[in-house]
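Chemist:
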Amino acid sequence: MRGTRSAPSRSAVLTVSTLAMGLGAAPMPIVGYLGAALRADLGLTGAQLGLVVGVFYGATGVTSLLGSRVVDRLGARWWVAGDQALTAAGLATAAAVGSFPALLVSSVVTGCGYAFVNAGTSVAVTAVSRPDQAATAVAVKTAGIPALLTVMALAGPPAADAVGWRGVVLALAGLAAVNAVLALLWVPSHRPAPGPAGDRGGALPRGFVWVVLAATCFVVGTNPLSAFLVVSLVDGGISPVTAGLVSAAGTGSGTVAMVLVAHRSERRGPLPRAGTAALVCLVGLGGTLLLWAGTHLGLAVVAVGAVAGLLCAMVGAGFAHAVTVDRAPHAVGRATAVMSCGYYLGALVSPLAFGALADLTGGYDLPWAVTAAAMALSVASYAVVQRRVPPAVAAPPPAVETAGVPPA
């Protein structure tokens, strides 16, 4: 007699979603922490390194609006699993071919898939969480990105010395393949129900453009901290291992802070959350300015600024998603995808422009000045969201279609 499937556990869904968010964004840590090895092996310029990251996020942004429609209609399970399968295939191809064009193709393929996993994981984790748990759940799954950055910052440079950058990328491909299988087993195939307004229940609130603008300026201002910090420090004479340790201090503390701050913010409720995001971005702006000054004052100042900037970048990423969910709890997939469209198009421009400006000027003063200006705009935009775009009230979550039970 066939047994009845039980609903997947919340921890299982959070685990798979967190891994999917980190592994799906693999091009960033590949460039950020294997950049020196890539330049030595392939002779890449700063603009080319930035392009590898940029086309990934550009592809994500372009496909984000499509992602909102298919995730809401077809459910999260297949899109999370499909992204991880695409990621595994793209990374394996880049490792096998080992060329700049292969890296670009891999970034485009994985970027297209990431649009779906970003919306799909938001739908999945909110489906297995109570309304008062939603912000923490979104922060936990988003913490997969800085968690992978931290692991790559610590292990990436020495691993590349031992097995080459292609060996490291192949290992990431294997992890993504395993997570694709786990997603099929554990992620619920959740489809959002219509909101209280009937057919218009999925409409985004007036002023939502400010949420998108805040997130876009945020990523323009913080993306170089992950993509170019290590490369810029190595260019300044710091060893890759030491540069990785500086970065890991920021991303590691940011991973923990992202979840803790989100949980505290959740206890306070959604009303002050956008204002808190503005304060986080303000501290991040201070860290960026300190990092910029430290390039002329010494490694100690750079380290303090980098840790502060990266910590706030990680925490702010969680707020970008949580503020989005607060404003459109009846259309999580659509709202996440619309926000991501601007977010990832900003991420397309940011690393490419940063690398090109560094190549053009022969230094990093102008690139860091541009990132600081973007952070200032993010602070202002979140302040507008706090004043003019209030959070909505979510309806009780609908029933979740089961996806099988985790193995004992």
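Using full-length UniProt numbering, read the sequence shown as starting at 1 and increasing by one per residue.
Ideal placement from N, C-alpha and C gives every residue a C-beta, glycine not left out.
For the 8 Å Cβ check, are there 3 or more pairs between the region 49-66 and the region 339-346?
Modeler: Contact between the region 49-66 and the region 339-346 is present, because at least three Cβ pairs lie under 8 Å.
Chemist: Look at the alpha carbon of Ala203 and the alpha carbon of Met28, and state the distance between them as a whole number of angstroms.
Modeler: Each residue's Cα considered, the two are about 33 Å apart.
Chemist: Which one of Ala257, Tyr364 and Ala180 has the shortest CA to CA distance from Val234?
Modeler: Among Ala257, Tyr364 and Ala180, the Cα nearest to that of Val234 belongs to Tyr364.
Chemist: Are the region 118-137 and the region 237-253 in contact at 8 Å, needing three or more beta carbon pairs?
Modeler: With the cut-off at 8 Å, the region 118-137 and the region 237-253 do not touch.
Chemist: Could you check where the alpha helix (DSSP H) with Leu44 kicks off and where it finishes?
Modeler: Here Leu44 belongs to no alpha helix (DSSP H), and DSSP marks it neither H nor E.
Chemist: Taking only runs that begin and end inside the region 203-257, name each unbroken alpha helix (DSSP H) of 4 or more residues, in chain order.
Modeler: Segments of the alpha helix (DSSP H) lying fully in the region 203-257: 208-227 and 229-235.
Chemist: Use the C-beta contact count for Asp83: other C-beta atoms within 10 angstroms, 16 or more gives buried, fewer gives exposed.
Modeler: It counts as buried.
Chemist: Could you tell me the boundaries of the alpha helix (DSSP H) in which His296 lies?
Modeler: Segment Arg273 to Leu297, the alpha helix (DSSP H) holding His296.
Chemist: Taking just the CA atoms, how far does Gly167 sit from Pro104?
Modeler: Reading off the sequence shown, one finds Leu at residue 104, where the question assumed Pro. In a straight line, the C-alpha of Leu104 is about 18 Å away from that of Gly167.
Chemist: Could you tell me the boundaries of the alpha helix (DSSP H) in which Ser350 lies?
Modeler: Looking at the DSSP string, the run of the alpha helix (DSSP H) that includes Ser350 is Val332 to Thr361.
Chemist: I'd like to check one pair, Leu23 with Leu170: are the Cβ atoms closer than 7 Å?
Modeler: Result no, Cβ atoms of Leu170 and Leu23 do not sit closer than 7 Å.
Chemist: Just the C-alpha distance for Gly98 and Arg268, rounded to the nearest angstrom, thanks.
Modeler: Rounded to whole angstroms, Gly98 to Arg268 spans 49 Å at the Cα level.
Chemist: Need the endpoints of the alpha helix (DSSP H) that Arg388 sits in, please.
Modeler: That run of the alpha helix (DSSP H) goes Asp365 to Arg388.
Chemist: Can you tell me the Cα-Cα spacing of Leu289 and Phe218, whole angstroms?
Modeler: When rounded, the distance between both Cα atoms is 15 Å.
Chemist: Between Ala243, Ala306 and Ala89, which lies nearest to Thr222 when the distance is taken from Cα to Cα?
Modeler: Checked all of Ala243, Ala306 and Ala89; the closest Cα to Thr222 is Ala306.
Chemist: DSSP three-state label for Ala102, please.
Modeler: In this structure, Ala102 counts as helix in the three-state DSSP scheme.
Chemist: If you drop the 5 nearest sequence neighbours on each side, which residues of the same chain put their C-beta closer than 6 Å to that of Ser247?
Modeler: Excluding residues within five positions, the ones whose Cβ falls inside 6 Å are Ala153, Leu229 and Val230.
Chemist: For my contact list, Pro188 and Pro329 are in at a C-beta cut-off of 8 Å; report their separation, rounded to the angstrom.
Modeler: With 8 Å as the limit, Pro188 and Pro329 do not qualify as a contact, their Cβ atoms being about 17 Å apart.
Chemist: Are there 16 or more other CB atoms within 10 angstroms of the CB of His296, so buried, or fewer, so exposed?
Modeler: Label assigned to His296: exposed.
Chemist: Per DSSP, what kind of secondary structure is Gly305 in: helix, strand or coil?
Modeler: Of the three classes helix, strand and coil, the one that applies to Gly305 here is helix, per DSSP.
Chemist: With a threshold of 8 Å, are at least 3 pairs of Cβ atoms found where one atom belongs to the region 382-390 and the other to the region 275-286?
Modeler: Yes, since at least three Cβ pairs between the region 382-390 and the region 275-286 fall closer than 8 Å, the two stretches touch.
Chemist: What are the boundary residues of the alpha helix (DSSP H) that Arg130 is part of?
Modeler: First-last for Arg130: undefined, no H or E at that position.
Chemist: If we count the other Cβ atoms within 10 Å of its Cβ and call it buried at 16 or more, is Leu271 buried or exposed?
Modeler: Its Cβ having fewer than 16 others within 10 Å, Leu271 is exposed.
Chemist: Thinking Ala257 and Met314 are a contact (beta carbons under 8 Å), I'd like their distance in whole angstroms, please.
Modeler: The Cβ separation is near 7 Å, so the contact holds.
Chemist: Determine the DSSP secondary structure at Gly75, reduced to helix, strand or coil.
Modeler: Coil at Gly75, not helix or strand.
Chemist: Compute the distance between the beta-carbons of Gly316 and Val261, then report whether it is under 7 Å.
Modeler: The answer is no: Cβ separation not under 7 Å.
Chemist: Exposed or buried, Asp161, counting other C-beta atoms within 10 Å across all chains shown (16 or more means buried)?
Modeler: Exposed, by the Cβ-count rule.
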